[in-house]
Ligand SMILES: [Zn+2]
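In the working numbering, the protein residues as written are 14 to 343.
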């Protein structure tokens, strides 16, 4: 979708900033190594002088000495690598640093927008920047099982809260692992504060890190955005550009479905959006406080059948974790 010139410039400025920051980080690392490991510097100098030698041998077509020189360079490179490793540094410590290795922070691969550029567009157009900060603290590695009790039993399934949380966690993890191979959608349901939003963040973080485009909306935000301009899925040409990402991004997360004021407009737009993504084989993850029965009452029958037929249903029960946290703080 075309960005305005100023939006495009804003994104390109972010890339320039990334390049500058990473360049500065690398210079700092180089300085650190030359202070801490003077032998590293010496090895580098030897390699440079041997490389000049190598070039000379090549010009003179001196095959015998050329291969000896090459071997010597190779062995010095190995020494450099071992020196870093034996001093507790990763072997790529002095390699160029990139936020995105795929496009080397240029935003483009072979003249085409990199996935990181597309995500930058999404972040700008749909104001996703708050999400990035949240994902630092809410992800698979920080999910805590001890908020879920083994004594709290879900009457409908006979399973306890702990087991449900464990299988919800596993289902979300599996969803991200299989993301490139299997087309799947997830509906997370359960009462307020049982960790549904947290799990959507876990999935978002994992997929973003693996180069997928993700849009995270609360149901409010989604319907506000959809209300700005209606689209008619029957007529692909009429789909406003602002929606293309909503329909096209690798994962659309709709958090807290049911907390918005549902009306006939929002329910039909929700169906169109879900349906269009389904046809495009783009995954959607929805979280809701509503029970399955309430979903079918609130939204249309066709929305409900899309959900029940094509979404993996994942349930969570428990005490309100936010309340628990507040209690343990006081
Ligand atoms: Zn990139």
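Backbone N, C-alpha and C define an ideal beta-carbon position, used for all residues, glycine too.
Values in this document were obtained by computation on a predicted structure and should not be read as measured data.
Those residues which DSSP pairs with residue 265 across a bridge: 228 and 297
Could you tell me whether the stretch 200–211 touches the stretch 321–332, where touching means 3 or more Cβ pairs closer than 8 Å? yes
Is it right to say residue 225 is buried, meaning 16 or more other beta carbons lie within 10 angstroms of its own, or is it exposed? buried
CB-CB under 8 Å to residue 86, same chain, minus the five flanking residues each way: which ones, in chain order? Setting aside the 5 residues that flank it on each side, residue 86 is surrounded in the same chain by 60, 63, 64 and 67, each with a C-beta closer than 8 Å to its C-beta; the list follows chain order.
My understanding is that residue 105 touches residue 112, with C-beta atoms under 8 Å, so please give their C-beta distance in whole angstroms. With a Cβ gap of about 15 Å, residue 105 and residue 112 do not count as contacting.
What did DSSP end up calling residue 126 once you bin it into helix, strand or coil? Looking at residue 126 - three-state DSSP - the assignment turns out to be strand.
How would you label residue 278, buried or exposed, when you count the other beta carbons within 10 angstroms and need 16 or more for buried? exposed
Local conformation of residue 166 per DSSP, three classes: strand
N- and C-terminal bounds of the beta strand (DSSP E) containing residue 324: Here residue 324 belongs to no beta strand (DSSP E), and DSSP marks it neither H nor E.
Nearest candidate by alpha-carbon position, reference residue 184, set 197, 241, 228 and 301: 197
Residue from 271, 23, 268 and 158 with nearest C-alpha to residue 137: 23
Counting along the chain, where does the alpha helix (DSSP H) carrying residue 61 start and finish? Counting along the chain, the alpha helix (DSSP H) containing residue 61 begins and ends at 51–73.
Is residue 48 helix, strand or coil when you go by DSSP? helix
With DSSP collapsed to three states, give me the class of residue 303. Secondary structure of residue 303 (DSSP, three-state): coil.
Check whether the Cβ of residue 120 lies closer than 7 Å to any heavy atom of ligand 1, and answer yes or no. Because some heavy atom of ligand 1 lies under 7 Å away, the Cβ of residue 120 counts as near it: yes.
How should residue 131 be labelled, buried or exposed, when 16 other C-beta atoms within 10 angstroms of its C-beta is the threshold for buried? buried
8 Å Cβ cutoff met for residue 300 and residue 209: yes
Alpha helix (DSSP H) containing residue 86: first to last residue? 76–99
Residue closest to residue 162, alpha-carbon to alpha-carbon, out of 293, 333 and 232: 333
For residue 328, which beta-bridge partners are listed by DSSP? 202
Just mark residue 171 as buried or exposed, buried being the case when its beta carbon has 16 or more other beta carbons within 10 Å. exposed
Mind the definition here: the stretch 97–104 touches the stretch 184–195 only if three or more C-beta pairs lie below 8 Å; say whether that holds. With the cut-off at 8 Å, the stretch 97–104 and the stretch 184–195 do not touch.
Under 7 Å from any heavy atom of ligand 1, does the C-beta of residue 113 make it? yes
Which residue's Cα is closest to the Cα of residue 107: 312, 37 and 304? Nearest C-alpha to residue 107: 37.
Residue 262 Cβ short of 7 Å to ligand 1 heavy atom set: no
I'd like to check one pair, residue 216 with residue 262: are the Cβ atoms closer than 8 Å? no
Below 8 Å between beta carbons: does that hold for residue 229 and residue 193? no
Residues bridged to residue 270 by DSSP? 301
Using only the heavy atoms of ligand 1, determine whether one of them is closer than 7 Å to the beta carbon of residue 225. no
So residue 286 and residue 259 are in contact, right, with Cβ under 8 Å, and what is the actual spacing, rounded? A Cβ-Cβ distance of about 7 Å is found for the pair residue 286 and residue 259, placing them in contact under the 8 Å criterion.
Simplified DSSP assignment, three categories, for residue 312: coil
Assigned exposure category for residue 40 - 16 Cβ within 10 Å defines buried: exposed
Euclidean distance between Cα positions of residue 265 and residue 234: 12 Å
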